[in-house]
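Numbering (the numbering used here), first residue to last: 7 to 100. Even glycine gets a Cβ: it sits at the ideal position worked out from N, Cα and C. Quick caveat, the model's predicted, so the values are computed rather than measured.
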């Protein structure tokens with residue numbers, strides 16, 4: 007059962023229209039099911055591996071200063087908001 011959940015975790019990618027909070031909740035829950043004592047740093051690594059590639063670059067720049075899940079979520083939400091804003095702006099300017 008744990009192996010199956012770990013495979014799910016390794017394959018988990020943020021979907022195109024999936025909110026970062028939904029992706030975050032799903033990955034963190036999987037991590038806790040696999041290992042209730044998993045460190046937040048390891049959970050952040052799992053989150054980073056599957057997050058939207060458009061957010062990865064900016065989040066990678068901050069990764070060394072993200073020591074908690076709350077910090078990760080804060081920065082990921084900022085990236086999501088920026089991405090959504092630029093997408094809307096781009097559609098309006100076409």
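- Following the DSSP letters along the chain, one finds residue 59 inside the alpha helix (DSSP H) bounded by residues 59-68.
- Within the stretch 22-50, the runs of alpha helix (DSSP H) at least 4 residues long that lie entirely inside it are, in chain order, 26-40.
- Boundaries of the alpha helix (DSSP H) around residue 16: 8-17.
- Cβ contact annotation for residue 60 (same chain, cutoff 8 Å, sequence separation greater than five): 85, 89, in chain order.
- Nearest to residue 58 by C-alpha distance, out of 87, 7, 10, is 87.
- In this structure, residue 11 lies near residue 40, with their beta-carbon atoms less than 8 Å apart.
- Counting every other CB atom within 10 Å of its CB across the protein chains shown gives residue 21 a total below 16, marking it as exposed.
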